[in-house]
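Counting the sequence shown from 1 gives a position; our numbering is that position plus 59.
Structure, as structure tokens:
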Amino acid sequence: MIKEAGSVFYLGASWFPDLNEPTPATGTPGKRDRQAYLVCKRKLDSKKEALLILSKELDACQQERDQFKLMANQLRERHQSLKKKYRELIIYVKELGTISE
Numbered sequence: 060m061i062k063e064a065g066s067v068f069y070l071g072a073s074w075f076p077d078l079n080e081p082t083p084a085t086g087t088p089g090k091r092d093r094q095a096y097l098v099c100k101r102k103l104d105s106k107k108e109a110l111l112i113l114s115k116e117l118d119a120c121q122q123e124r125d126q127f128k129l130m131a132n133q134l135r136e137r138h139q140s141l142k143k144k145y146r147e148l149i150i151y152v153k154e155l156g157t158i159s160e
């Protein structure tokens, strides 16, 4: 939605000066203002692109972290299971030793 309010145009949620109007200080057309605006716009576009890349990288890192957590939990459970079996085996071997004596 574009509305005109004097020498300012309303675009959505932002106000932008009409860059074709003369600047108040010099009275000359705002060519430098337009160039500055374009530079800022390119910087913003670059930052948006960088943010998207970083966001994707963050998602990938979080998925990798979750996979490592899952693997760590599985290894922990496996370790506990083997420890329990080992204890049972030791008890069984001790019982066999006392039976055979």
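No residue lacks a Cβ here, since even glycine has one placed at the ideal position from N, Cα and C.
As the structure is a prediction and not an experimental result, all values here were calculated from the model.
Whole-angstrom distance between LEU134 and GLU147, CA atom to CA atom:
Numbered from its first residue, the sequence shown carries residue 147 at position 88. Numbered from its first residue, the sequence shown carries residue 134 at position 75. Near 20 Å, if we compare the C-alpha coordinates of LEU134 and GLU147.
My output table needs one value for GLY89: the three-state DSSP class, helix, strand or coil.
Indexing the sequence shown from 1 puts residue 89 at position 30. Correct three-state label for GLY89: coil.
For GLY89, does the count of other Cβ atoms within 10 angstroms reach 16, so buried, or fall short, so exposed?
Stepping through the sequence shown from its first residue, residue 89 is reached at position 30. Counting other Cβ atoms within 10 Å of its Cβ, GLY89 reaches 16 or more and is therefore classed as buried.
State the Cα-Cα distance for the pair LYS142 and ASP125, rounded to the nearest angstrom.
As a working note, residue 142 is residue 83 in the sequence shown. As a working note, residue 125 is residue 66 in the sequence shown. Approximately 26 Å, taken between the alpha carbons.
Rounded to a whole number of angstroms, what is the C-alpha to C-alpha distance between LYS100 and SER114?
Counting from 1 along the sequence shown, the entry for residue 100 is found at position 41. Counting from 1 along the sequence shown, the entry for residue 114 is found at position 55. Whole-angstrom Cα-Cα distance: 21 Å.
Euclidean distance between Cα positions of GLU123 and GLN139
Here the question's residue 123 lines up with position 64 in the sequence shown. Here the question's residue 139 lines up with position 80 in the sequence shown. Cα to Cα, the separation comes out at about 24 Å.
What is the rounded straight-line gap between the Cα of ILE22 and the Cα of THR157?
No statement about residue 22 is possible, as the shown extent of the chain runs from 60 to 160 and does not include it.
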